[in-house]
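To start, the structure itself, in structure tokens.
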Amino acid sequence: MNWTIEQRELAEKYSCKEEIPVSERKYKCHTCHLIVDESPCPVCGDVNPEIMCPLDNCDCSHEIAATIEYCPLCGEPVCPECGCHDVVQISRVTGYLQDVSGWNAGKQQELKDRQRYSVT
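Note that my numbering has the sequence shown beginning at 30, numbered continuously upward.
This is the structure we're talking about:
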């Protein structure tokens with residue numbers, strides 16, 4: 030992913046999403062699927078909207094990507110083509126595919142550290 034200069038500056042300014050001042054935060058509400066300016070969600074009342082990474086563009090039109098990249102600010106997986114954070118990362122585990130979002134931190138770090146090879 031080619032992050033812009035502004036995005037890289039944001040990633041250097043904050044070490045995690047929780048460091049972003051409340052006045053500058055945006056939230057993703059996973060109940061009503063909106064981006065809101067405050068918590069709890071003023072639309073549906075959800076008390077646990079996710080602090081939105083400022084590098085997330087929230088609009089990915091890519092269906093399947095062969096590789097995955099990780100956000101320099103929040104460390105979450107992102108689409109390698111557009112930087113959208115709304116991706117589902119799967120991995121073949123003992124012969125079956127599995128959504129990795131439920132893995133513990135150690136297993137997710139192991140996935141980030143894996144060497145990837147392309148067969149051509």
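Heads up, the beta-carbon is just placed ideally off N, CA and C, and yes, glycines get one too.
None of these values were measured; they are calculated from a predicted model.
Between the beta-carbon of W32 and that of P101 there is about 7 Å, and that keeps the pair under the 8 Å contact cut.
Taking all protein chains in view, the Cβ of V117 is surrounded by fewer than 16 other Cβ atoms within 10 Å, so the residue is classified as exposed.
A residue is called buried once 16 or more other Cβ atoms fall within 10 Å of its Cβ, and H62, having fewer, is exposed. Excluding its 5 nearest sequence neighbours in each direction, Q36 has C-beta neighbours in its own chain below 6 Å: L84, listed in chain order.
Non-local beta-carbon contacts of L39 in its own chain, meaning distances under 8 Å to residues more than five positions away in sequence, involve P83, L84, L102 in chain order. Secondary structure note for Q144: it is in no beta strand (DSSP E), with a DSSP letter that is neither H nor E.
Given a length threshold of 3 residues, each whole run of the beta strand (DSSP E) inside the region 43 to 97 is given here in chain order: 56 to 58, 63 to 65. Rounded to the nearest angstrom, the Cβ distance from M81 to I64 is 6 Å, consistent with a contact under 8 Å.
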